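A short write-up of the structure that comes next.
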Amino acid sequence: MYKRTTKQSFPKRETTKESYGSGTYGGQLETRPISLKQLVNEVKGIYAGLVIIKTKCVDIDLNYSSSVNPYGRMTAEQWQALIGLHRTLLHEHYNFFLASNGIHNFLKILRHRLPHSFEHMLTFIYIAYSMIGLLLKIVPVFEEI
1 MYKRTTKQSF PKRETTKESY GSGTYGGQLE TRPISLKQLV NEVKGIYAGL
51 VIIKTKCVDI DLNYSSSVNP YGRMTAEQWQ ALIGLHRTLL HEHYNFFLAS
101 NGIHNFLKIL RHRLPHSFEH MLTFIYIAYS MIGLLLKIVP VFEEI
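Residue numbers (full-length UniProt numbering): 1 to 145.
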């Protein structure tokens, strides 16, 4: 049985090794069981939406970059529309990532075995952080943000 993840809001608290074991840390995810068929359908739906949004982003970006004056001024409304569209693209990537991989399951294993898994959780977080660092090296435009 697979789980669908939804974010719950909890008050922010200081996070320590001890608080992990007590289950008092903020931002705990709530999961509901779903079947493999439901998971496959959800991943396919998210991917289809991702392809549509990505295609639209690429088309619009090409349109703006190949216009008569690609470095000309844009209105606030144009910027807001572009940011909104690309924000949607990021959210779709995030949803696809969560629905289509086993990292969430591994994090659940680590979480349920706290505080004994704390050091292993830190190791995995450091690995994930270094992967983000590699992404920054591969795509240097992110360094400007």
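Yeah, the Cβ is synthetic: ideal placement off N, Cα and C, and Gly gets one too. Because the structure is a prediction, the values reported are computed rather than measured.
Classify residue i as helix, strand or coil using the three-state DSSP reduction.
i, result
"residue 111", "helix"
"residue 22", "Confidence is the limiting factor: at residue 22 the pLDDT is only 44, short of 50, which leaves the residue's position unreliable and the question unanswerable from this model."
"residue 126", "helix"
"residue 53", "helix"
"residue 138", "helix"
Provide the residue span of the alpha helix (DSSP H) that contains residue i, from first to last.
i, result
"residue 91", "76 to 100"
Quick one, which of the options has its alpha-carbon nearest residue i's?
i, options, result
"residue 81", "61, 92, 69", "61"
Taking a contact to mean a Cβ-Cβ separation below 7 Å, would you say residue i touches residue j in this structure?
i, j, result
"residue 46", "residue 99", "yes"
"residue 150", "residue 50", "Lying outside 1 to 145, the shown extent of the chain, residue 150 is not represented and no answer is given."
"residue 53", "residue 89", "yes"
"residue 107", "residue 117", "no"
"residue 57", "residue 93", "no"
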